[in-house]
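2 protein chains.
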Amino acid sequence: MTAEQRPRRVTSADVAREAGVSRTTVSYVLNGTPHQKIPDATRQRIMHAVERLGYAPSATARALQSGRSDVVLCLLPDWPIGPAMGTLLETLSTSLAAEGLTLYAHPRAAGRPVSEVWRSLGPAAVVLWDELDDTEVAAMRAAGIAVTVALLSPTTQRQGELLVPQQRTGRVQAEHLAATGRRLIGYAYPEDPRLKGFAEPRLEGVRTACAELGLDAPVVRTLPMDAEAAADAVRAWVAEGVTGVCAYNDDVALAVLAGTRLAGVAVPGDLAVVGVDDIPAAPFASPPLTTVNAEQGVIAQYIAALVIRGLSGKPAPRRPGSDTIHLIRRESA
Amino acid sequence: MTAEQRPRRVTSADVAREAGVSRTTVSYVLNGTPHQKIPDATRQRIMHAVERLGYAPSATARALQSGRSDVVLCLLPDWPIGPAMGTLLETLSTSLAAEGLTLYAHPRAAGRPVSEVWRSLGPAAVVLWDELDDTEVAAMRAAGIAVTVALLSPTTQRQGELLVPQQRTGRVQAEHLAATGRRLIGYAYPEDPRLKGFAEPRLEGVRTACAELGLDAPVVRTLPMDAEAAADAVRAWVAEGVTGVCAYNDDVALAVLAGTRLAGVAVPGDLAVVGVDDIPAAPFASPPLTTVNAEQGVIAQYIAALVIRGLSGKPAPRRPGSDTIHLIRRESA
DNA sequence: CCACCTTACTGACACGCGCAAGTGAAACGC
DNA sequence: GCGTTTCACTTGCGCGTGTCAGTAAGGTGG
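So the protein sequences, as listed, match chains R and U. Here this note's numbering is used: the first residue of the first sequence is 267, the next is one more, and so on. Here this note's numbering is used: the first residue of the second sequence is 267, the next is one more, and so on.
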């Protein structure tokens, strides 16, 4: 409490003093600098000192000196993150780690400007889900951030931006329903307004698929996360002649399923239901939920490639093929 | 491609030159250093220069100079992260942000030592879920990390470690089943070996609750994520006289529910089922799933308090009360 | 004996920033 | 007219690291 308020950091200078050499020599030994003849005797003396003092180099100073920071920041969206996002982050982290990059995710704090966040970290690249405005991008560039990968930007396709194939998921849902003979399909839109950015392109995919297949436009209905309300929606759909429903995701699909049970509607006989994500609960629904799944691994690796190429100044790789989206056929459709 | 390979960072020196003042004056203006009289004329000259050049201070240099980094690192566990973890991170991020701290989560990359991760960031504090060994803690201290909050460490209660009330969730599950007249209860253990650290204390809570209530020890059964296998487990439980099952979490509980459907066992009549987490799918199960929910918000705020107190050198606040765990009663138990 | 090379190091700078201490000029008190 | 205070700044140091450019000691060739 009195003597040592802060335990003072162990620096490479401490190691040098302990080993009786200069700081430079310590640096050479620890970094294995080539073309530098250091005899094993001193080498071991230094390693011992490192061990004894418990020295760990300062990431901060390293980053400052080298100018680059091997840190990739992922700004998480503010909508609830599920298992799909989890595995995506995991794969992304691993892919980047293979290249010596470290991924950090920031769960957005309520009422805090994004600029403050990336400023306090000084990353080499930023991955995010929302669209961001030009001034923000310019500010990042000025702060030394080389690459920004923005997913899900409906408007312009800027440098290094990627549209995660949301439309495709909608398309696959609709095509499956059409293939099983459904002529009029409904869309179960999520209640949470924060999900709009994701829901809109998926719905768009369903719309265009319907148009191409010569079907009527989908009947969109916002679905409250409540079984009774879902039952009302189901009844309304059936009354309108809807025979198949694409849900925004599996959670919404499960709500629809609960609604069919209350409304006494047979699935898939009277109404087929398709979800998105293949959450762990999907196979255990009654009936087991047919769903569309994007291979998070492939997407993550593509994002990683985008970041790595961007950092080395090379052009972006081409987008992954359409085989990243799979239909998982169970019994609900 | 030829002239400016790297766009060279805009520094405060550039701003100073542009505004015709010294770098220090720029620093004073930007940081609003007190007891420093700067006339509005120069102040605005500087702000204009900042604007024009698009200057953003380097987080790295700031951290190096100030010695502290206002960054809190959360090392995510390697088991699949669900919505519960998501909301916890979100609340934690917000709570820390109120104190000027920024939270970053690192999804663990396969086959990468943890030490490399916190080293590349140099955080002020680390929050993690596993237990960590003494040498690792010592290494962190040497690297200047002030606080480490480890959750879920079954053995020793080290400085600033916290046991998220896992046992309590198990206890609440068991007590509810006992209160509804179940005399012999089963425990549905998760298949994924990575979940052991979480599952064991929950099971322990069930065990002690059974013992205290004068019931037989719970019948533990590992539940594969497969409906047929789950049905086998359900049949076996029923044959043994088990009338209530505590599941590790809602996903497992939903598997049990699917098993009961296949096995023709009535829920909750023949077998009651209680989950943990209250995932979005829980209310839509058939029957709607009774589950136990930890208030992630309260836990997150406690962790945040722990970190903040730790950084300011004050002692840890006392643990949150037992009211963070709630039973959400639906129809499955 | 000196030129020359290798070995094993070290000195000093730069990275971008915050801040303690100083400095010249103007204003003020008596 | 001179000492003192206030104003509006600036000079300079240090944070911990990587690395270029030396440099003294020792060996080799002629």
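Ideal Cβ positions, reconstructed from N, Cα and C, are used throughout, including at glycine.
Among the options, nearest to residue i - alpha-carbon criterion
{"i": "U/D536", "options": "U/L572, U/A477 and U/T446", "result": "U/T446"}
{"i": "U/D336", "options": "U/A350, U/G366, U/L354 and U/V316", "result": "U/G366"}
{"i": "R/L481", "options": "R/I411, R/A322 and R/A444", "result": "R/A444"}
{"i": "R/C512", "options": "R/Y568, R/R434 and R/P459", "result": "R/R434"}
{"i": "U/G541", "options": "U/T526, U/V522 and U/L528", "result": "U/V522"}
{"i": "R/A566", "options": "R/R449, R/S361 and R/K303", "result": "R/S361"}
{"i": "R/Q432", "options": "R/D400, R/E402, R/G471 and R/I451", "result": "R/G471"}
{"i": "U/A454", "options": "U/A315, U/R289 and U/P490", "result": "U/P490"}
{"i": "R/E597", "options": "R/G510, R/A570 and R/A560", "result": "R/G510"}
{"i": "R/E466", "options": "R/S578, R/V393, R/E317 and R/Y514", "result": "R/Y514"}
{"i": "U/P459", "options": "U/L555, U/R334, U/G286 and U/P343", "result": "U/P343"}
{"i": "R/E441", "options": "R/A285, R/I591 and R/E284", "result": "R/I591"}
{"i": "R/G352", "options": "U/A493, U/A307 and U/W345", "result": "U/W345"}
Contact with chain R by residue i, beta-carbon distance below 7 Å
{"i": "U/E470", "result": "no"}
{"i": "U/V338", "result": "no"}
{"i": "U/P343", "result": "no"}
{"i": "U/T421", "result": "Residue placement at U/T421 cannot be trusted, given a pLDDT of 49 that sits under 50; what the coordinates show is reported in the next sentence. No, its Cβ sits nowhere closer than 7 Å to a Cβ of chain R."}
{"i": "U/A390", "result": "no"}
{"i": "U/A617", "result": "What is shown of chain U runs 267 to 599, which leaves residue 617 of chain U out entirely."}
{"i": "U/P546", "result": "yes"}
{"i": "U/T299", "result": "no"}
{"i": "U/A502", "result": "no"}
{"i": "U/T268", "result": "Since pLDDT at U/T268 reaches only 34, below the 50 mark, its modelled position is unreliable, and the value read off the structure follows with that caveat. For U/T268, the answer is no, since every Cβ of chain R falls outside 7 Å of its Cβ."}
{"i": "U/G530", "result": "no"}
{"i": "U/G563", "result": "no"}
{"i": "U/E284", "result": "no"}
Beta-bridge partners of residue i, as assigned by DSSP
{"i": "U/G510", "result": "U/I451 and U/A538"}
{"i": "U/C340", "result": "U/A371 and U/V393"}
{"i": "U/V438", "result": "Note: U/V438 sits in no beta bridge, so no partner."}
{"i": "R/L593", "result": "R/V558"}
{"i": "U/V292", "result": "According to DSSP, U/V292 bridges with nothing at all."}
{"i": "R/P349", "result": "Beta-bridge pairing links R/P349 to no other residue."}
{"i": "U/L489", "result": "U/P456"}
{"i": "U/V504", "result": "BP columns for U/V504 are empty, so no partner."}
{"i": "U/V415", "result": "U/V393"}
Residue-chain proximity (residue i, chain U), Cβ-Cβ < 7 Å
{"i": "R/T488", "result": "no"}
{"i": "R/A560", "result": "no"}
{"i": "R/S386", "result": "yes"}
{"i": "R/V276", "result": "yes"}
{"i": "R/G348", "result": "yes"}
{"i": "R/R527", "result": "yes"}
{"i": "R/P467", "result": "no"}
{"i": "R/G352", "result": "yes"}
{"i": "R/A363", "result": "yes"}
Under 9 Å by beta carbon: chain U residues contacting residue i
{"i": "R/T360", "result": "P373, R374, A375, A376, G377 and R378"}
Residue i classed as buried or exposed, judged by whether at least 16 other C-beta atoms fall within 10 angstroms
{"i": "R/G388", "result": "buried"}
{"i": "U/S278", "result": "buried"}
{"i": "R/D516", "result": "buried"}
{"i": "U/G530", "result": "exposed"}
{"i": "R/N559", "result": "buried"}
{"i": "U/A376", "result": "exposed"}
{"i": "U/Q331", "result": "exposed"}
{"i": "R/Q310", "result": "exposed"}
{"i": "R/Q302", "result": "exposed"}
{"i": "U/S578", "result": "exposed"}
{"i": "R/T291", "result": "buried"}
{"i": "U/T421", "result": "In this prediction, U/T421 has a pLDDT of 49, which is less than 50 and means its spatial position is unreliable; what the coordinates show is noted afterwards. Exposed, because fewer than 16 other Cβ atoms sit within 10 Å of the Cβ of U/T421."}
{"i": "U/G576", "result": "buried"}
{"i": "R/R468", "result": "buried"}
Residues that residue i contacts on chain U, provided the C-beta gap is smaller than 7 Å
{"i": "R/A493", "result": "P549 and F550"}
{"i": "R/V383", "result": "T368"}
{"i": "R/G320", "result": "A404, A405 and A408"}
{"i": "R/S335", "result": "T326"}
{"i": "R/D517", "result": "P546 and A547"}
{"i": "R/E356", "result": "P373"}
{"i": "R/V329", "result": "What sits at residue 329 of chain R in the sequence shown is Ala, not Val. Here the neighbours are T326."}
Neighbour list for residue i in chain R, Cβ cutoff strictly below 8 Å
{"i": "U/I569", "result": "None at all; the shortest Cβ gap to chain R is about 13 Å."}
{"i": "U/A521", "result": "F550"}
Residue i: CB within 6 Å of a non-hydrogen atom of the ligand SAM
{"i": "R/S361", "result": "This structure lacks the ligand SAM, and indeed carries no ligand of any kind."}
Within chain R, partners of residue i - CB distance below 9 Å
{"i": "U/T557", "result": "Ordered by position in chain R, no residue passes the 9 Å Cβ test against U/T557, which lies about 12 Å from the chain."}
{"i": "U/A524", "result": "P549, F550, A551, S552 and P554"}
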